[in-house]
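Chemist: Going by this note's numbering, the sequence shown opens with residue 1, and the numbers climb by one from there.
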Amino acid sequence: MALTPEQIKKLSQFLQNQVKELVSGVNIESDKDTQRMYMAIEKLFDNIGSSVQQEVPQTIYEQYANGLSNAQQQLIDVGLITSNGAFNVQNAIAQEFVHTDAITSIVTDTMQDLASAFRTAKKYSIKNVDVAVKDVQEEIAKGLMVGMTNKQMSQRVAKKFGEQGMTSFVTVDGKHLPLDFYAETVVRTKTQTAYNHSHLNRYAEDDIKHVYVTGNIPTCGECVRYRGHVFATERGDQFPYINLYTTFPKHPNCQCNFRPYITDFKSDDEIKRDLEHSKSFDASTDNRTQAEKERYNTDQKAKAKARRNNLSYNKMRNRLGNEGPQTFKEYLQVKTNDKPKYNEWVAQMKKVYDPNKVSNESQRTQEEHTGSNNVSDTNIQDDNKRFENDNQNATQDNNLVEPIETLDELIDLAPSLLETIDNTLGTKFADAPKNEFKFELDDFDKENEIPFNRKSQEVISEMFGYNELPQSITKEEFDKLDEGSKLMRGLNDFGDTPASELIEQYKTGKHYIGRGIFGHGTYTAVMTEENKEVVLSRYAKDNASNIMNMKINDDANVINKKDLNKIKKEWEMDIKLSDLDNNTKDLLKGITRNSSNLAVMLGYDVLFIEGQQYYVLLNRGKVSVVND
């Protein structure tokens, strides 16, 4: 049974009443009875606290599911999708890691807060009962309670305890928050968080880039600043960006939520009007003292670290089964005290995201490449050409970075990434003041035609050795390939540079990383009859010599873009919830926002775009080009 915030409050009040009943029924002049009372109070707290925590996951799950269902209806209402018939909330949550991860994160937060609240309430309750008992005993000693029965004296103790209440949280300014209020506040806030995050995650699945903030009317002075504004879900957009995941709910009773805002369905006048209104958004200044900020930040870092450990444990437990940690306690003990065993678990995790493991369809495609390309394995180019390319590629093999396997490895790589980016792009990101890195990135995007997430791919490709020259095959060898293995890329003149020079540049010159909606890289199409016509007319401008024919090498690591997106969302969530400093977070967010960057760092050479018959080539050295 899921518990509502109101039920949590009533349960907390019931707990307080039970403590009062225990106290009112004890003989305070008997040390034995008093000790039994304390033991009974502790047991009562433990039992009810445990019962509450058992119901929390279901409470969060149901609220998240409600939000996901509502978000689906919102997408239908705006016309992005046409039917709700095939959508099943339970299946959507079970099949998409972003949903299970979000629920796990919110449940972890809620349970940690409630566990802390019940521990604190138990400590203060026993302390308050003890103070009340001693006060009454002192009154007895002074003769102030002559003629009162044991029951009347114990009731006086209960009354004194009731006046103190059950403190569950002490604020930075010394205010004691009672358990019923605090527990209700925690659950109310977290259920609203689940409702909000389900909307944002569902919209992200359909690549919604903007949302409109909605909520109850009338609203409070804090929320009114956000209502009616359109916000971007990513930085670098014409609409203002805020972190929607962490901004809302603004307070325990906040009802702010989001509707999808799709620019493709808006007129130019509507977009202009909404843009002008949204640019007028002005958040209030932070009036906290430095001490309050530091205390809050310390608390948030501790919670983020706990969440990260919990998330890591859940991943290991789910993926490794009996071969991994069986309890969270075991995970923490091994991670802290047994590094060899922990590293063994991490190594086993690699099997789940093995660079050679792709989805069934893309795996079949890769196997088709392997089977059909064997005709060219023995002689894809003559010895002189092979020797020439090997010599040129060997110059790029020094100081290359090995593919990473875990987020921890990416975090360890962050300082080197930052230094190399600064040295290559001429930036000074390493000198950015604390918490100012995101503004440095914004300035970079405004001042350069190519934004940071794409520009950084040039640096990362060089670091990981993805700029090597392609191999060479003859037209005869290419013609012998299976049709599904033949790729084509059409080019057109670019400014004063003819297409022929662009083709030659790809073969022998600088590796240019193209822009694309599925990922930045070199876009190629499988040579079907339909694609031949499209590539020739649209991209090669009806000039057959502007088409470059190529194939993916047999040792290339191919990943389905859909599978990469799952990894990307998982890592983005982990970065957001980590205890890293803000500058490092913003660096990693800026880099991993480009899915091609993540693919390169994980050791993938090619993205397969399912349903489009496209391949996005990332590693030029894993490609063979027809040498006309």
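Quick reminder that beta carbons are idealized off the backbone N, C-alpha and C, glycines included. If you're wondering where the values come from, they're calculated on a predicted model, not measured in any experiment.
Between the alpha carbons of E572 and I404, how many angstroms are there, rounded?
Modeler: About 16 angstroms.
Chemist: Y523 and R686 - do their beta-carbons sit closer together than 8 angstroms?
Modeler: A question about residue 686 goes unanswered here, because the residues of the chain that appear run from 1 up to 628.
Chemist: Look at V600 and L607 and say whether their C-beta atoms are less than 8 angstroms apart.
Modeler: No.
Chemist: Return helix, strand or coil for L80, following the three-state DSSP convention.
Modeler: Of the three classes helix, strand and coil, the one that applies to L80 here is coil, per DSSP.
Chemist: Nearest-angstrom Cα distance between R454 and N594?
Modeler: If I take the Cα positions, the gap works out to 7 angstroms.
Chemist: With C-beta atoms as the reference, is A484 less than 8 angstroms away from V526?
Modeler: Inspection of the sequence shows that residue 484 is occupied by Gly rather than by Ala. Yes, these two residues count as a Cβ contact at 8 angstroms.
Chemist: Alpha carbons only, please: which of L177, N597, S416 and E530 is nearest the one belonging to S461?
Modeler: Comparing Cα-Cα distances from S461 to each of L177, N597, S416 and E530, the minimum goes to N597.
Chemist: Along the alpha helix (DSSP H) that carries V606, what are the first and last residues, could you check?
Modeler: No alpha helix (DSSP H) holds V606; the beta strand (DSSP E) holding it covers V606 to I609.
Chemist: Using the Cα positions of F494 and Y506, report the straight-line distance between them to the nearest angstrom.
Modeler: Computed Cα separation, rounded: 14 angstroms.
Chemist: Run through the stretch 102-171 for me and flag every whole beta strand (DSSP E) of 3 or more residues, listed as ranges in chain order.
Modeler: Here the runs fully enclosed are 167-170.
Chemist: Rank A2, S125 and T4 by C-alpha distance to the C-alpha of D46 and give the top, closest one.
Modeler: It is S125 whose Cα lies nearest to the Cα of D46.
Chemist: Under DSSP, the beta strand (DSSP E) around Y245 begins and ends at which residues?
Modeler: Here Y245 belongs to no beta strand (DSSP E); instead the alpha helix (DSSP H) covers L244 to T247.
Chemist: Taking the Cβ atom as the reference point for each residue, do Y203 and P260 lie within a distance shorter than 8 angstroms?
Modeler: Yes. Within cutoff.
Chemist: Using CA atoms only, rank isn't needed, just tell me which of T298, I103, A117 and F97 is closest to F181.
Modeler: Considering only alpha carbons, the answer is A117.
Chemist: In three-state DSSP terms, what is F258?
Modeler: Note: F258 maps to strand in three-state DSSP.
Chemist: With DSSP collapsed to three states, give me the class of I28.
Modeler: Note: I28 maps to coil in three-state DSSP.
Chemist: Looking at V626: is its Cβ nearer than 8 angstroms to the Cβ of K434?
Modeler: Cβ distance not < 8 angstroms, so V626 and K434 don't count as in contact.
Chemist: Can you find the residues in the same chain that come closer than 6 angstroms, C-beta to C-beta, to N121, ignoring five residues on each side of it along the sequence?
Modeler: Residue identity check: residue 121 is Ala in the sequence provided, not Asn. Excluding positions up to five away in sequence, the list reads M166, S168 and L179.
Chemist: Drop a sphere of 10 angstroms on the beta-carbon of M37, count the other beta-carbons inside from all chains shown, and report buried for 16 or more, exposed for fewer.
Modeler: Classification of M37: buried, given that the 10 Å Cβ count is 16 or more.
Chemist: Is it buried or exposed, N17, if we count other Cβ atoms within 10 angstroms and call 16 or more buried?
Modeler: Exposed, because fewer than 16 other Cβ atoms sit within 10 Å of the Cβ of N17.
Chemist: So, using beta-carbon positions, are I103 and L68 closer together than 8 angstroms?
Modeler: No. Outside cutoff.
Chemist: I need the boundaries of the beta strand (DSSP E) containing S639, first residue and last residue.
Modeler: Given a span of 1 to 628 for the chain in the structure shown, any question on residue 639 remains unanswerable.
Chemist: Would you check if the stretch 439-448 and the stretch 231-244 touch, i.e. whether three or more CB-CB distances between them fall below 8 angstroms?
Modeler: Yes, the stretch 231-244 is in contact with the stretch 439-448.
Chemist: Check whether the stretch 405-412 touches the stretch 573-585, counting contact only when three or more Cβ pairs, one atom from each stretch, lie closer than 8 angstroms.
Modeler: These segments touch.
Chemist: Closest to Y604 by CA distance: which of V558, E504, E447 and V170 is it?
Modeler: Checked all of V558, E504, E447 and V170; the closest Cα to Y604 is V558.
Chemist: Among S624, E436, F429 and F248, which residue has its Cα nearest to the Cα of A556?
Modeler: Answer by Cα proximity: S624.
Chemist: Going by Cα to Cα distance, which pick from E184, Y64, Q73 and I242 is closest to N253?
Modeler: Comparing Cα positions, the closest option is E184.
Chemist: Do L275 and L244 count as a contact pair if the criterion is CB distance below 8 angstroms?
Modeler: Cβ atoms of L244 and L275: not closer than 8 angstroms.
Chemist: Do D135 and K151 have their C-beta atoms within less than 8 angstroms of each other?
Modeler: No, Cβ-Cβ distance for D135 and K151 is not below 8 angstroms.
Chemist: Specify the secondary structure class of A2 as computed by DSSP and reduced to three states.
Modeler: In the structure shown, A2 sits in coil (DSSP, three-state: anything other than H, G, I, E or B).
Chemist: In whole angstroms, what separates the C-alpha of I262 from that of K209?
Modeler: Each residue's alpha carbon lies about 8 angstroms from the other.
Chemist: Could you give the uninterrupted runs of the alpha helix (DSSP H) lying entirely in the stretch 439-506, keeping only those of 4 residues or more?
Modeler: DSSP runs (the alpha helix (DSSP H)) wholly in the stretch 439-506: 452-463 and 475-479.
Chemist: Alpha carbon to alpha carbon, how far is K9 from I60?
Modeler: Their Cα atoms are separated by approximately 16 angstroms.
Chemist: What are the boundary residues of the alpha helix (DSSP H) that L275 is part of?
Modeler: Run containing L275: D268 to S278, per the alpha helix (DSSP H) assignment.
Chemist: Classify Q63 as buried or exposed, calling it buried when 16 or more other Cβ atoms lie within 10 Å of its own Cβ.
Modeler: Buried.
Chemist: Any idea what DSSP makes of M37, helix, strand or coil?
Modeler: It is helical.
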